[in-house]
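J.: Take the sequence shown: its letter number 63 is residue 63 in the UniProt record's numbering, and every next letter is one higher.
Idealized CB from N, CA, C, for every residue including glycine.
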Amino acid sequence: MFGVLLTAALIGLVGTAGWAMFGMADAPASSAAATASPSPVASAASPAAAISSRPSPSPSATPAGPLVPFTGVVPGKLLIGIGDEADRAAQTALAKQSPVKMLTSWYNEESDFGDFMDGWKKTLIPKLYRSGYAIHVVEWAPDDEGQLTTKYGPACGRAYPLSSQFLNDMKHLAQIFGGARTGPPFYVTLFTEFSTYPCVDNEWDSATNYYLALKDQYRAAYQVLHANAANVHVSLGFGGWLGTYDYPQKGGGKSLISHFTDILKASDFQSFQAMNDPASQNPAQILAMTKILHPYGPVMLAHYKPDNGNQATFDADVRAIFTDSFIQRATADGLFAMSFMTTKNVDADPATFQFLKTAVTRYGRTP
Numbered sequence: 001m002f003g004v005l006l007t008a009a010l011i012g013l014v015g016t017a018g019w020a021m022f023g024m025a026d027a028p029a030s031s032a033a034a035t036a037s038p039s040p041v042a043s044a045a046s047p048a049a050a051i052s053s054r055p056s057p058s059p060s061a062t063p064a065g066p067l068v069p070f071t072g073v074v075p076g077k078l079l080i081g082i083g084d085e086a087d088r089a090a091q092t093a094l095a096k097q098s099p100v101k102m103l104t105s106w107y108n109e110e111s112d113f114g115d116f117m118d119g120w121k122k123t124l125i126p127k128l129y130r131s132g133y134a135i136h137v138v139e140w141a142p143d144d145e146g147q148l149t150t151k152y153g154p155a156c157g158r159a160y161p162l163s164s165q166f167l168n169d170m171k172h173l174a175q176i177f178g179g180a181r182t183g184p185p186f187y188v189t190l191f192t193e194f195s196t197y198p199c200v201d202n203e204w205d206s207a208t209n210y211y212l213a214l215k216d217q218y219r220a221a222y223q224v225l226h227a228n229a230a231n232v233h234v235s236l237g238f239g240g241w242l243g244t245y246d247y248p249q250k251g252g253g254k255s256l257i258s259h260f261t262d263i264l265k266a267s268d269f270q271s272f273q274a275m276n277d278p279a280s281q282n283p284a285q286i287l288a289m290t291k292i293l294h295p296y297g298p299v300m301l302a303h304y305k306p307d308n309g310n311q312a313t314f315d316a317d318v319r320a321i322f323t324d325s326f327i328q329r330a331t332a333d334g335l336f337a338m339s340f341m342t343t344k345n346v347d348a349d350p351a352t353f354q355f356l357k358t359a360v361t362r363y364g365r366t367p
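#1: If Ala274 and Gly240 are in contact, beta carbons under 8 Å, what's the gap, nearest whole angstrom?
#2: What alpha helix (DSSP H) runs, 4 residues minimum, are completely inside the segment 106 to 153?
#3: Given a cut-off of 8 Å on the beta-carbon distance, is the pair Leu287 and Phe272 in contact?
#4: On the DSSP letters alone, give me the boundaries of the beta strand (DSSP E) that Gln217 sits inside.
#5: For residue 369, which residues from the same chain have a beta carbon less than 6 Å from its beta carbon, with the 5 sequence-adjacent residues on both sides left out?
#6: From what residue to what residue does the beta strand (DSSP E) around Thr189 run?
#7: Can you name, in chain order, every residue of its own chain whose Cβ lies under 8 Å from the Cβ of Asp144, other than the five neighbours on each side?
#8: What is the DSSP secondary structure of Tyr279, counted as helix, strand or coil?
#9: Can you tell me where the beta strand (DSSP E) with His233 in it begins and where it stops?
#10: Are there 16 or more other CB atoms within 10 angstroms of the CB of Val74, so buried, or fewer, so exposed?
#11: The alpha helix (DSSP H) spanning Tyr363 covers which residue range?
#12: Could you check what DSSP says for Gly81 in three-state terms: helix, strand or coil?
#13: If we count the other Cβ atoms within 10 Å of its Cβ and call it buried at 16 or more, is Lys291 buried or exposed?
#14: Taking 8 Å as the cut-off, decide whether the C-beta atoms of Gln281 and Gly76 are in contact.
#15: Please state whether the Cβ-Cβ distance between residue 368 and Thr352 is less than 8 Å.
#16: Excluding the 5 residues preceding and the 5 following Glu85 in the sequence, name in chain order all residues of the same chain whose CB lies nearer than 6 Å to its CB.
#17: Does the ligand GDP have even one heavy atom less than 7 Å from the beta-carbon of Ala337?
#18: Only counting the same chain, and skipping five residues up and downstream in sequence, which positions put a Cβ closer than 8 Å to that of Val318?
#19: Any idea what DSSP makes of Tyr197, helix, strand or coil?
#20: Taking all protein chains shown into account, do 16 or more other C-beta atoms lie within 10 angstroms of the C-beta of Tyr152, making it buried, or fewer, making it exposed?
#21: Opposite Ser271 in the DSSP bridges: which residues?
#22: What distance in whole Å lies between the Cβ atoms of Gly178 and Asn231, which are believed to be in contact at a cut-off of 8 Å?
#23: Put Ala49 into one of helix, strand or coil per three-state DSSP.
#24: Return the Cβ separation of Gly243 and Gln285 in integer angstroms, given the expectation that the two are a contact with Cβ distance under 8 Å.
#25: Can you give the Cα-Cα distance for Thr342 and Pro306, rounded to whole angstroms?
#26: When we look at the beta-carbon of Thr149 and count the other beta-carbons within 10 Å, is it buried (16 or more) or exposed?
#27: Let's see if you can read the secondary structure: which residues bound the alpha helix (DSSP H) around Ser163?
#28: Assign Ala115 to one of two classes, buried (16 or more other C-beta atoms within 10 Å of its C-beta) or exposed (fewer than that).
#29: Please report how far the alpha carbon of Asp112 lies from the alpha carbon of Asp205, in whole angstroms.
#30: Might you give, ordered along the chain, the residues of its own chain that have their beta carbon closer than 6 Å to the beta carbon of Lys250, omitting 5 neighbours on each side?
#31: Report all residues from its chain with a CB closer than 6 Å to the CB of Thr331; omit the five preceding and five following residues, and keep chain order.
#32: Is the beta carbon of Val224 sitting closer than 8 Å to the one on Leu167?
#33: Please report the Cβ distance between Val299 and Leu335, rounded to the nearest whole angstrom; I am assuming they are in contact, meaning their Cβ atoms lie under 8 Å.
#34: Measuring only the C-alpha atoms, how far is Gly119 from Ser255?
#35: Can you look up Ser325 in the DSSP assignment and give me helix, strand or coil?
Below, the structure written as structure tokens:
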């Protein structure tokens with residue numbers, strides 16, 4: 001919970017050498033934000049229901065149907081991930097049958113260590129790194145909103161992210177997932193959907209003290225993670241909906257993002273989620289957020305799925321995303337990675353599975 005600014009050496013991790021590490025030849029030129037809609041939108045629903053327990057994984061679909069006729073020069077490559085937890089993500093049919101090379105896990109609270117993560121430290125995690133997988137952890141805070149005291153004054157929001165225990169837990173997390181500096185990367189998306197953590201969502205003016213304290217905690221967690229994991233890369237997790245509107249009167253939408261420019265500049269990469277339900281909204285949101293965040297570093301779509309698991313939306317989304325034109329535009333704008341949040345939609349339909357298997361084979365890359 002300290003406010004120490006990052007040193008120039010740490011910030012330099014996202015310089016020219018850092019871009020090459022993320023599979024990009026050059027750092028980007030500055031790009032303008034997407035055109036704003038006139039009014040704010042409601043935040044996406046929390047991912048808690050999908051990640052707070054560990055049900056048995058869905059059975060993998062048997063590939064069926066014709067191959068998708070992708071031909072010609074590949075216009076861009078993405079590091080493609082899957083998972084709510086690394087152990088079962090590695091066992092999914094998509095990971096086994098196509099070049100899915102990033103395995104995503106979710107960390108919610110301290111009990112996750114004893115429940116399953118501690119057992120991975122000496123077995124699963126080293127094995128995955130030896131197999132060439134990048135590891136990705138999404139950190140999401142439990143919904144424990146209440147009145148808080150910060151050095152900036154009173155605030156209202158989720159307590160755990162601002163606690164000293166959180167920093168202890170980030171050290172613990174790094175000690176479990178950290179790998180060799182020269183090996184595959186360990187990506188961390190901190191505070192995903194953080195604009196829902198205050199008691200009033202998505203508005204800087206309504207939660208200034210909370211956001212200032214959260215920035216301090218991000219800087220502190222960044223330092224702790226880097227001190228305990230040689231291969232770590234850290235980002236702040238934006239809700240993708242923020243890129244679809246602007247509400248400058250309250251510092252909402254794209255205006256909220258602008259209040260975090262200092263954190264964006266100090267991060268190793270940038271993260272956002274896309275979890276809308278109506279078909280066609282997620283691909284547009286992905287392009288908008290990538291363009292907004294790209295001036296500050298390589299961009300990851302940290303977790304994607306339709307919020308209510310709608311299969312028709314998922315099918316329409318992936319067929320819009322995995323096209324030459326979309327991949328060319330997204331990677332040119334700075335997208336270097338994306339992760340499917342669960343395998344349920346991937347495996348639900350044999351034709352969809354076959355499409356994704358072929359698409360990941362075409363567009364997927366190694367870390």
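T.: According to the structure data:
#1: 4 Å
#2: 124 to 130
#3: Here Leu287 is not near Phe272, since their CB atoms are 8 Å or more apart.
#4: It is not in any beta strand (DSSP E) - Gln217 instead sits in the alpha helix (DSSP H) that spans 208 to 228.
#5: Residue numbering for the chain in the displayed model covers 1 to 367; residue 369 lies beyond these limits and cannot be assessed.
#6: Start and end: 186 to 190.
#7: Taken in chain order, the residues that qualify are Arg158, Ala159, Tyr160.
#8: First, the residue type needs correcting, since residue 279 is Ala and not Tyr in the sequence shown. In this structure, Ala279 counts as coil in the three-state DSSP scheme.
#9: 232 to 239
#10: Taking every protein chain shown into account, the CB of Val74 has fewer than 16 other CB atoms within 10 angstroms, so this residue is exposed.
#11: 350 to 363
#12: In this structure, Gly81 counts as strand in the three-state DSSP scheme.
#13: Buried, since its Cβ has 16 or more Cβ neighbours within 10 Å.
#14: no
#15: In this structure the chain extends from 1 to 367, so residue 368 is not present and cannot be described.
#16: Ser105
#17: The ligand GDP is absent from the structure shown, which contains no ligands of any kind.
#18: Thr352, Phe355, Leu356, Ala359
#19: For Tyr197, the three-state secondary structure derived from DSSP is coil.
#20: exposed
#21: Paired residue(s): Gly237, Met300.
#22: 6 Å
#23: Caution is warranted here: a pLDDT of 39 is assigned to Ala49, below 50, making its placement in the model unreliable, and the coordinate value is therefore given only provisionally. DSSP places Ala49 in helix when its eight states are reduced to three.
#24: Yes, they are in contact, since the Cβ atoms of Gly243 and Gln285 sit about 6 Å apart, within 8 Å.
#25: 10 Å
#26: exposed
#27: Looking at the DSSP string, Ser163 is not in any alpha helix (DSSP H), and its letter there is neither H nor E.
#28: The identity of residue 115 in the sequence shown is Asp, whereas the question assumes Ala. By the neighbour-count rule (16 or more Cβ atoms within 10 Å), Asp115 is not buried but exposed.
#29: 34 Å
#30: Only Glu203, Asp205 meet the Cβ criterion.
#31: Gly76
#32: yes
#33: 5 Å
#34: 42 Å
#35: Three-state DSSP puts Ser325 in a helix.
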